[in-house]
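*Asks:*
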Amino acid sequence: MEREYAVAAPVKVGLLNRGFNDTYLVTDVEGVRRVLRVYNRDKYWIRSESDFRFELDLLDHLAAAGLGVIRPYQRTVGDRLGRLTAPEGERCFALFTHAPGMPSYEGALTAEQWRVFGSGIARMHLEMDAFQTSHDRYHLDERILVERPLASLAPYAGSGPAAADLAELGKLGKRLTDEFHRLRAIGGAYGIIHADLHRGNTNVGDDGRFVTFDFDHCGFGLRAYDLVTFYRGPDSPDEDRERWAAVLSGYQQVRPLSLAEVDGFPALAACRATWDVGDWLGAAGRTGDAWVTDALIARLLADVRKTMATELS
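First residue of the sequence shown: 37, per the working numbering; consecutive thereafter.
(1) Just mark P292 as buried or exposed, buried being the case when its beta carbon has 16 or more other beta carbons within 10 Å.
(2) Once you ignore the five residues that flank Y267 on each side, which residues in its own chain have a CB closer than 7 Å to its CB?
(3) Could you give the first and the last residue of the continuous alpha helix (DSSP H) run that contains E126?
(4) For N57 versus Y75, is the C-beta distance shorter than 7 Å?
(5) Taking all protein chains shown into account, do 16 or more other C-beta atoms lie within 10 angstroms of the C-beta of Y287, making it buried, or fewer, making it exposed?
(6) Give me, in chain order, the residues of the same chain whose beta-carbon lies closer than 6 Å to that of R308; leave out the 5 immediate sequence neighbours on both sides.
(7) Note the first and the last residue of the continuous alpha helix (DSSP H) segment covering T310.
(8) For G118, which residues from the same chain have a beta carbon less than 8 Å from its beta carbon, with the 5 sequence-adjacent residues on both sides left out?
(9) Can you grab the Cα-Cα spacing for the pair L284 / R151, in whole Å?
(10) How close, in whole Å, do the beta carbons of F246 and G104 come, if the pair is a contact with beta carbons under 8 Å?
(11) Roughly how far, in whole angstroms, is the beta-carbon of Y80 from the beta-carbon of L176, given that I think they are within contact range, below 8 Å?
(12) With 16 other CB atoms within 10 Å as the buried threshold, where does H230 fall?
(13) Going by DSSP, name the residue or residues bridged to F266.
(14) When DSSP builds the beta bridges, which residues end up paired with K48?
(15) Would you mind stating whether V71 and F132 have Cβ atoms separated by less than 7 Å?
(16) Taking only the alpha-carbon atoms, compute the straight-line gap between T310 and Y109 and give it to the nearest angstrom.
(17) Within its chain, find whatever has a CB closer than 6 Å to the CB of C238; leave out the 5 residues flanking it on each side and keep chain order.
(18) Taking C-alpha atoms, which residue in A303, Y192, W327, E275 lies nearest to L145?
(19) My guess is that L147 and A282 are in contact by the Cβ rule of under 8 Å, so how many angstroms apart are they, rounded?
(20) In whole angstroms, what is the alpha-carbon distance linking A203 and V328?
(21) Would you identify the three-state DSSP class for G118, choosing helix, strand or coil?
(22) May I ask which residues mark the beginning and end of the alpha helix (DSSP H) holding L162?
(23) Classify G255 as helix, strand or coil using the three-state DSSP reduction.
(24) Could you check what DSSP says for L293 in three-state terms: helix, strand or coil?
(25) Nearest to E91 by CA position, among M344, G314, D250, is which residue?
(26) Look at the alpha carbon of E324 and the alpha carbon of W316, and state the distance between them as a whole number of angstroms.
(27) Tell me the rounded alpha-carbon separation between E126 and D339.
(28) For a quick check, are the C-beta atoms of H217 and D232 less than 7 Å apart?
In structure tokens:
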């Protein structure tokens, strides 16, 4: 840190999280906190350094527009993306501003605060429309959301019941793919998205300001997909449904969705469920796969059935 960045030395560095990347809290001698990400190698959605640079350019663009996101730092040599040699080979790294406050899943936020959050997502999407870069990024299409996750489960479906459940998931997956194509054909429905906008990726400061981070999965996808982590069906607890109504209302006030996009949320929730399993399986080489059991496949099928039943009701 002292060599690569203009920080007040000496610095303290501690591991925050080890998952899809290694993330460290960096504190300089003046108490200023920053976050270092050392990107893991061989991630299924990263094809080259261009993908990393797309993410960093996007964050710089959004931060410059005044949106509540973290911002990457320049290295002393002028580039934002660095490389280091690790035992497993070369890895890229970047340093970001620290998101103040607490995760948005902690504490009790009001409906008005969730509306503000929803409008912030909409403004982010509008600003993403103006983003320009020479770098490229992957697409969260039906292959990433449905086909790849279900294919990755095949080696784990050794028993008769698990194989039957996976076969039914395959049939439902074809319906999800058709729905994805229908939604993508809607004008303005597809563009750059955060792609993993759960409540753990946004902090709320003492001033009530939201700051979103972890754009590691950002790419091109359905804009409604950025809202689906908040979607709750009619049989959900009141608190969850009220939160969802507030987030959607705030978003619609800034960037209205078509009725077809709103009707597509149950299908996107099913896509999110399949993607999540496939995403973790993509990291199984580092995090293990003992969690992939017959019960998990059965639970995924139940979740997909439930959300698609909501769509048809």
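For each residue, glycine too, the CB sits at the ideal point set by N, CA and C.
Small disclaimer: the values here were computed from a predicted structure and weren't measured.
*Replies:* On the basis of the supplied data:
(1) By one-based count along the sequence shown, residue 292 stands at place 256. When all chains shown are included, P292 counts as exposed.
(2) By 1-based counting over the sequence shown, the position of residue 267 is 231. Within the same chain, Y267 has close Cβ partners W280, F301, A305.
(3) Translated into positions along the sequence shown, residue 126 becomes position 90. No alpha helix (DSSP H) holds E126; the beta strand (DSSP E) holding it covers 125-133.
(4) Here residue 57 refers to the residue found at position 21 of the sequence shown. Here residue 75 refers to the residue found at position 39 of the sequence shown. Going by C-beta atoms, N57 is nearer than 7 Å to Y75.
(5) Residue mapping note: residue 287 aligns to position 251 of the sequence shown, counting from 1. Classification of Y287: buried, given that the 10 Å Cβ count is 16 or more.
(6) The residue given as residue 308 occupies position 272 in the sequence shown. Apart from the 5 residues on each side of it in sequence, R308 sits with its Cβ closer than 6 Å to the Cβ of V264 in its chain, given in chain order.
(7) As a first step, residue 310 must be located in the sequence shown, where it is residue number 274. Run containing T310: 301-317, per the alpha helix (DSSP H) assignment.
(8) As a first step, residue 118 is located in the sequence shown; it is residue number 82 there, counting from the start. Cβ neighbours of G118 beyond the five flanking positions: E40, R111, C128, F129, A130.
(9) Taking the sequence shown and counting its residues from 1, the one referred to as residue 284 is at position 248. Taking the sequence shown and counting its residues from 1, the one referred to as residue 151 is at position 115. When rounded, the distance between both Cα atoms is 7 Å.
(10) Here the question's residue 246 lines up with position 210 in the sequence shown. Here the question's residue 104 lines up with position 68 in the sequence shown. Contact between F246 and G104 holds, with the beta-carbon distance rounding to 5 Å and staying under 8 Å.
(11) Walking along the sequence shown from the start, residue 80 turns up at place 44. Walking along the sequence shown from the start, residue 176 turns up at place 140. For a cut-off of 8 Å, the C-beta gap from Y80 to L176 is around 12 Å, too long to register as a contact.
(12) Taking the sequence shown and counting its residues from 1, one reaches residue 230 at position 194. Of the residues assessed, H230 falls on the buried side of the cut-off, its CB having 16 or more other CB atoms within 10 angstroms.
(13) Numbered from its first residue, the sequence shown carries residue 266 at position 230. F266 is not bridged to any residue.
(14) Locating residue 48 in the sequence shown gives position 12, counting from the first residue. Looking at the DSSP assignment, K48 forms a beta bridge with T63.
(15) As a working mapping, residue 71 is identified with position 35 in the sequence shown. As a working mapping, residue 132 is identified with position 96 in the sequence shown. Cβ distance < 7 Å, so V71 and F132 count as in contact.
(16) By one-based count along the sequence shown, residue 310 stands at place 274. By one-based count along the sequence shown, residue 109 stands at place 73. About 34 Å.
(17) Residue 238 sits at position 202 when you count from the first residue of the sequence shown. Note that residue 238 corresponds to Thr in the displayed sequence, not to Cys. When the five nearest sequence neighbours on each side are left out, the beta carbons in the same chain lying within less than 6 Å of the beta carbon of T238 are those of S140, F246, T248, in order along the chain.
(18) To locate residue 145, count along the sequence shown from 1; it is residue 109. When C-alpha distances from L145 are compared across A303, Y192, W327, E275, the shortest belongs to E275.
(19) Residue 147 sits at position 111 when you count from the first residue of the sequence shown. Residue 282 sits at position 246 when you count from the first residue of the sequence shown. First, the residue type needs correcting, since residue 147 is Ala and not Leu in the sequence shown. Confirmed, Cβ separation roughly 4 Å.
(20) Along the sequence shown, one-based indexing puts residue 203 at 167. Along the sequence shown, one-based indexing puts residue 328 at 292. So the alpha carbons of these two residues sit roughly 16 Å apart.
(21) Position 82 of the sequence shown, counting from 1, holds the residue named residue 118. G118: strand per DSSP, three-state reduction.
(22) Numbered from its first residue, the sequence shown carries residue 162 at position 126. Taken as a continuous stretch (DSSP letters only), the alpha helix (DSSP H) holding L162 covers 147-165.
(23) Walking along the sequence shown from the start, residue 255 turns up at place 219. In this structure, DSSP gives G255 an extended state, which the three-state scheme calls strand.
(24) As a position in the sequence shown, residue 293 is number 257, starting the count at 1. Residue state, collapsed to three classes: coil.
(25) To locate residue 91, count along the sequence shown from 1; it is residue 55. Here the closest residue by C-alpha is D250.
(26) Stepping through the sequence shown from its first residue, residue 324 is reached at position 288. Stepping through the sequence shown from its first residue, residue 316 is reached at position 280. The sequence shown places Gly at residue 324, rather than the Glu named in the question. Those two C-alpha atoms are separated by around 9 Å.
(27) Here residue 126 refers to the residue found at position 90 of the sequence shown. Here residue 339 refers to the residue found at position 303 of the sequence shown. Cα to Cα, E126 sits roughly 39 Å from D339.
(28) Counting from one through the sequence shown, the residue named residue 217 turns up at place 181. Counting from one through the sequence shown, the residue named residue 232 turns up at place 196. Cβ distance not < 7 Å, so H217 and D232 don't count as in contact.
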